[in-house]
Structures are given as C-alpha cells and as structure tokens.
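S.K.: Heads up, the sequence shown is in UniProt numbering, so the first residue is 1 and it goes up one at a time.
Cβ atoms here follow ideal geometry from the backbone N, Cα and C, with glycine treated the same way.
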Amino acid sequence: MILLSFDTEEFDVPREHGVDFSLEEGMKVSVEGTNRILDILKANDVRATFFCTGNFAELAPEVMERIKNEGHEVACHGVDHWRPQPEDVFRSKEIIERITGVKVAGYRQPRMFPVSDEDIEKAGYLYNSSLNPAFIPGRYMHLTTPRTWFMRGPVMEIPASVSPHLRIPLFWLSLHNFPEWLYLRLVRQVLRHDGYFVTYFHPWEFYDLKEHPEFKMPFIIRNHSGHELEQRLDRFIKAMKADRQEFITYIDFVKRQKK
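1. Any chance the stretch 170-189 sits against the stretch 138-157, with 3 or more Cβ pairs inside 8 Å?
2. Looking at C-alpha atoms only, which residue of 135, 254 and 122 is the closest neighbour of residue 171?
3. For the alpha helix (DSSP H) containing residue 30, name the first residue and the last one.
4. Spell out the partners DSSP gives residue 145 in its beta bridges.
5. Looking at the strands, I want to know which residues DSSP matches up with residue 157.
6. Please name the residue, chosen from 88, 84, 85 and 56, that lies closest to residue 74 on a Cα-to-Cα basis.
7. For residue 201, which residues does DSSP report across the bridge?
8. Roughly how many angstroms lie between the CA atoms of residue 109 and residue 76, to the nearest whole one?
9. Is the stretch 149-158 touching the stretch 246-258, taking contact as three or more C-beta pairs under 8 Å?
10. Is the Cβ-Cβ distance between residue 227 and residue 208 less than 8 Å?
11. What separation, rounded to the nearest whole angstrom, lies between the Cα atoms of residue 64 and residue 195?
12. Out of 182, 31, 118 and 162, which has the shortest C-alpha to C-alpha gap to residue 156?
13. Have a look at 211, 27 and 5 and flag the residue whose alpha-carbon is nearest the alpha-carbon of residue 47.
14. Just checking, does the stretch 13-20 make contact with the stretch 35-43 on the three C-beta pairs under 8 Å criterion?
15. Counting only C-beta atoms, is residue 19 closer than 8 Å to chain B at any point?
16. Should residue 42 be labelled buried (16 or more other beta-carbon atoms within 10 Å of its own) or exposed?
17. Can you name the residues that DSSP bridges to residue 162?
18. Please list, in chain order, all residues of the same chain as residue 120 whose beta carbon is under 7 Å from its beta carbon, the five residues on each side excluded.
19. Whole angstroms are fine: how far does the CA of residue 259 sit from the CA of residue 16?
20. Is residue 10 closer than 8 Å to residue 49 when the C-beta atoms are compared?
21. Would you mind sorting residue 113 into buried or exposed? The rule is 16 or more other CB atoms within 10 Å of its CB.
Structure below.
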C-alpha cells in the first residue's frame, strides 16, 4: 500500500532564506502547484491525502472543493505555516471542517516538528503524521523513534517511511535528488519490509522554481522541481501501479489496521 500525501500550505520557504515574501505570493505558488498535483492524480486515478493549513483553506476554497470532489482525503496542517501556535491543533480542525463540510481525522504539524500528543487526542484526531524518523542534521534527529505505525493511546502515529536499516529518508527531497532507479529500489525495499510506504510532498515543489532566482532556493530544492518533478511523480505512480501497489488515504489505512 502507498500512502501518498501533500502538505498543502502557503509557500514560505523564501522567508527561511531572508526573502521578504508575502502570503499572497506564497498562495499563488501553492495554488498552481496543487492544481498540477491534482491533474497528475486524476490522470492516474489514484487517491491521496492533503494536509492543509487554515490559511490555504480560507484563501483557496475552490481548490479545497476540487480536492474533496476528486475523492481525496483532507487533513489538517496547522493554521499559519510560518508561525505555528499550540492552539492551531484545534483551530486548524475548525477551519478545515467549516470550509469543506467534512469531518477531519488526521493532523500533521508544519515542518513535521513536535506537537502536543495530549492536544491531538483532545481535538479528536484519529491519527497524527508528524514524525520523520530520520537523521537529517539541522532538521530531524530521530534515530531511535519507531519507523512504522504505532498507537499512542487512541491515536495512531504514522511516521514517514525511511529505509529499514540506515533510515535513509524517502520523502520529497529524495525524489528530487536521488536517481529514480535508486529511489524506486529503496521504496520497494520498504514495501517488502513494512508492507506499506508513506511519503509526502509540497505543492510549491511543482512550481517552476528554477525560473525564480529571487526566491533564493537551495539547489537541492530547485533540482528537478516544476515540470520535471511532475514527470518524476507520474513515473513513480505508474511504477507502483505496475507493481500492483494500491494507493490509499491515511484514514483508510487507519481503518484497515484497526480491523
């Protein structure tokens, strides 16, 4: 099983590199990227989970409607991606449910940083996917956390997939920068070992970042971005379908495991 997800947020990465970048500019990039993603998923007839910020939902309700109408799961990703607050666990759920009219089951903290387990449970989420169990200096130092799903009280924790032994991260940056044959080999290794694969991307990766040096994006993010990443994602999906892997939403995964 493949759990494919997208952190559907306003593009704020230029701000990490000292660029004065407005919410409006960030939304323009992310709306275009999200529609490109939806086109790929529709063409391949696969379902995914979209972890959406409150900002994105409120400023792009028509995109939220498309996500919902095309059969994807909507989950929460905080409110303001640049300035996460403890109460966002609750506020995000209220905003997303109000705009979509759909009960939300899952949460992912912006940048996959730690979030209060108590608040996740209080807010009524069934699962939390805020853990990348990899060692990435300056970002994640998770060499001893569980690699695969586990229960924390009534909440299922669903970490992003890493390779079984060396914990090589297989998230968005990996598809940008690894040779595709290597990425596929590692994904298949995870599938043999764990029985399922969890990964995530962002809409702004599918925007033509190379054409905007003013964004000051590092090479590892610009590399194979835009249309090149569209093609890589399309080929990845087709390869997994050729392997007879099933693409399912996170909530469907939770329901199956609980059975």
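M.R.: The relevant details are as follows:
1. no
2. Position 171 of the sequence shown, counted from the start, is the residue given in the question as residue 171. Minimum Cα distance to residue 171 is reached at 135.
3. Your numbering for residue 30 matches position 30 in the sequence shown. Residue 30 -> alpha helix (DSSP H) spans 23-44.
4. For the purposes of this step, residue 145 is identified with residue 145 of the sequence shown, where counting begins at 1. DSSP lists no partner for residue 145.
5. As a position in the sequence shown, residue 157 is number 157, starting the count at 1. Residue 157 is bridged to 128 and 150.
6. Counting from 1 along the sequence shown, the entry for residue 74 is found at position 74. Cα-wise, what sits closest to residue 74 is 56.
7. Position 201 of the sequence shown, counting from 1, holds the residue named residue 201. Bridge partners of residue 201: 6.
8. Your numbering for residue 109 matches position 109 in the sequence shown. Your numbering for residue 76 matches position 76 in the sequence shown. Straight through space, the alpha carbons of residue 76 and residue 109 are spaced by roughly 8 Å.
9. yes
10. Counting from one through the sequence shown, the residue named residue 227 turns up at place 227. Counting from one through the sequence shown, the residue named residue 208 turns up at place 208. For the pair residue 227 and residue 208, the CB atoms are nearer than the 8 Å cut-off.
11. Locating residue 64 in the sequence shown gives position 64, counting from the first residue. Locating residue 195 in the sequence shown gives position 195, counting from the first residue. So the two alpha carbons sit approximately 31 Å from each other.
12. Taking the first residue of the sequence shown as 1, we reach residue 156 at position 156. Out of 182, 31, 118 and 162, 118 has the C-alpha closest to the C-alpha of residue 156.
13. As a working mapping, residue 47 is identified with position 47 in the sequence shown. Nearest in C-alpha terms to residue 47, of all of 211, 27 and 5, is 5.
14. Too few Cβ pairs lie closer than 8 Å, so no.
15. Absent here is chain B; the protein component of the structure consists of one chain.
16. Taking the first residue of the sequence shown as position 1, residue 42 is located at position 42. Burial call: exposed.
17. If you number the sequence shown from 1, residue 162 lands on position 162. According to DSSP, residue 162 bridges with 169.
18. Reading the sequence shown from its first residue, position 120 is the one you call residue 120. Excluding positions up to five away in sequence, the list reads 89, 107, 128 and 155.
19. Here residue 16 is taken as the residue at index 16 of the sequence shown, counted from 1. Here residue 259 is taken as the residue at index 259 of the sequence shown, counted from 1. So the alpha carbons of these two residues sit roughly 43 Å apart.
20. Your numbering for residue 49 matches position 49 in the sequence shown. Your numbering for residue 10 matches position 10 in the sequence shown. In this structure, residue 49 lies away from residue 10, with their beta-carbon atoms at least 8 Å apart.
21. In the sequence shown, the residue the question calls residue 113 occupies position 113. The residue is exposed, with fewer than 16 neighbouring Cβ atoms inside 10 Å.
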